[in-house]
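Scroll down for the structure; my scribbles are underneath it.
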Ligand code: AHR
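Residue numbers (the working numbering): 2 to 322.
What follows is the structure, encoded as structure tokens:
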């Protein structure tokens with residue numbers, strides 16, 4: 002009896018001393034794409050911080066850009082009997098079978114920052130993403146506004162082939178420039194969302210376009226590729242930001258540095274905090290069975306050189322960057 006009450010007292014004291022245990026207590030598996038970009042690294046670190054704050058035991062698996070690794074990770078999370086799974090899917094297709102396995106095991110899956118293509122949307126609880134077509138459109142509208150009636154050849158650095166942001170950001174940009182006959186998308190190739198490939202592909206575009214003199218703007222599906230492109234433009238003896246305009250998506254600190262140097266023109270912000278809304282939805286679902294909306298949409302804000310890039314860059318530090 003004495004032992005039992007001492008143990009109960011100990012448990013209570015531990016609970017009170019540890020707000021972490023008093024909170025969620027969930028175990029969540031997170032299958033992350035990899036670490037291809039500054040934005041991705043920030044998303045990982047925000048997810049870890051959010052989990053810690055809420056007392057969630059986060060099981061992290063880095064897929065190194067491979068869908069097969071993500072499928073293995075999901076199967077392993079199911080085998081471990083986690084309470085929920087976060088999935089940032091590297092590509093949009095090929096998920097039905099493994100998500101059915103999670104559904105059969107009654108483990109809710111939340112998609113983070115990228116969408117999947119499926120006929121059965123009951124395979125996931127909700128998706129926390131931006132409107133990726135809109136992001137491309139915001140970038141395109143900005144460019145249209147800057148170019149006016151001048152002729153402008155644009156080159157495009159696409160994200161990972163088959164990923165939802167690469168598909169949607171291309172679509173949105175093309176919608177924005179449609180009907181503006183002075184603007185043409187002359188070259189488009191994947192740079193896989195990385196700085197290195199962004200630079201390599203931009204070098205090949207420059208070579209093919211009269212040493213870069215025929216290029217009026219580069220549209221990159223993320224800031225890291227834009228930073229690589231800036232490097233390539235400088236090495237070709239041209240001025241990024243003026244000889245060749247640079248427009249991209251993510252809003253990572255490095256692009257604000259480039260904007261403040263006059264070497265990049267605009268970026269569309271994507272918050273790295275996808276985990277906050279995802280955990281909110283999961284906690285409400287687990288606690289009261291409350292179904293979240295199928296899409297939790299994050300904001301897409303345009304930043305240009307006029308927005309005091311230095312100050313924005315400083316403010317971003319500590320937000321996962
Ligand atoms: O899915 C979001 C995209 O993936 C980010 O824009 C990019 O940086 C990342 O790798």
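Think of the CB as a built atom: it goes at the ideal place given N, C-alpha and C, for glycine as much as any other residue.
Distance CB(residue i)-CB(residue j) smaller than 7 Å
i, j, result
"residue 166", "residue 133", "yes"
"residue 136", "residue 220", "no"
"residue 227", "residue 249", "yes"
"residue 278", "residue 129", "yes"
"residue 194", "residue 160", "yes"
"residue 72", "residue 29", "no"
"residue 113", "residue 125", "no"
"residue 200", "residue 229", "yes"
"residue 88", "residue 32", "yes"
Beta bridge counterpart(s) of residue i as assigned by DSSP
i, result
"residue 296", "128"
"residue 112", "88, 128"
"residue 31", "61, 87"
"residue 186", "155"
"residue 250", "269"
"residue 286", "Bridge partners of residue 286: none, in fact."
"residue 241", "245"
"residue 191", "159"
"residue 45", "Beta-bridge pairing links residue 45 to no other residue."
Residue from the options whose Cα sits closest to the Cα of residue i
i, options, result
"residue 149", "162, 178, 322", "178"
"residue 222", "121, 140, 100, 116", "140"
"residue 314", "251, 81, 202", "251"
"residue 183", "87, 257, 90, 146", "146"
"residue 62", "90, 53, 170", "90"
"residue 34", "116, 144, 107, 102", "116"
Length of the line joining the Cα atoms of residue i and residue j
i, j, result
"residue 74", "residue 218", "40 Å"
"residue 212", "residue 237", "7 Å"
"residue 265", "residue 309", "13 Å"
"residue 307", "residue 154", "24 Å"
"residue 47", "residue 299", "15 Å"
"residue 39", "residue 322", "8 Å"
"residue 210", "residue 284", "53 Å"
"residue 280", "residue 291", "13 Å"
"residue 76", "residue 119", "19 Å"
"residue 86", "residue 286", "13 Å"
"residue 257", "residue 320", "14 Å"
"residue 181", "residue 105", "50 Å"
Supposed contact pair residue j and residue i - C-beta distance, whole angstroms, cut 8 Å
i, j, result
"residue 97", "residue 295", "Their Cβ separation, rounded to whole angstroms, is 16 Å, which puts residue 97 and residue 295 out of contact at 8 Å."
"residue 60", "residue 83", "6 Å"
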